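Reading through the structure tokens given below for one structure.
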Amino acid sequence: MLMSHFIFIAIFYNLLINLFDWGKIVKRASENIGRLKLFLLFISIVIGYMVSTFIWSVISLSQDIFFAI
Numbered sequence: 001m002l003m004s005h006f007i008f009i010a011i012f013y014n015l016l017i018n019l020f021d022w023g024k025i026v027k028r029a030s031e032n033i034g035r036l037k038l039f040l041l042f043i044s045i046v047i048g049y050m051v052s053t054f055i056w057s058v059i060s061l062s063q064d065i066f067f068a069i
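In UniProt numbering, the protein residues as written are 1 to 69.
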């Protein structure tokens with residue numbers, strides 16, 4: 001379970017870094033690159049943890065339904 005959290009955090013961090021052109025969104029992106037990467041890391045931790053928890057809940061629920069039948 002811990003490994004899936006790290007995997008989803010890494011996936012979302014890479015998506016957030018590569019998917020958007022942050023220079024257009026953030027003023028003076030060259031000065032704020034460290035802050036921006038830290039902010040994106042925190043956002044990716046939150047989203048990655050939530051998605052991983054959701055996936056594990058769906059897997060657990062489907063196993064419970066399968067064994068109940």
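Backbone N, C-alpha and C fix where the C-beta goes; we use that ideal spot for every residue, glycine too. Predicted model, so just to flag it, every value in this text is computed and none were measured.
- Of the candidates Ile33, Ile45, Asn14, Ile45 places its Cα closest to the Cα of Leu2.
- Nearest C-alpha to Ile11 among Met50, Ile65, Gln63, Phe67: Met50.
- Ranked by how close their Cα comes to the Cα of Asn18, the residues Ile7, Leu40, Lys27, Ile55 have Leu40 in first place.
- Cα atoms of Phe8 and Ser57: separation of roughly 15 Å, rounded to the nearest angstrom.
- From the listed residues Phe54, Ala68, Asp64, the smallest Cα separation to Ser4 is found for Phe54.
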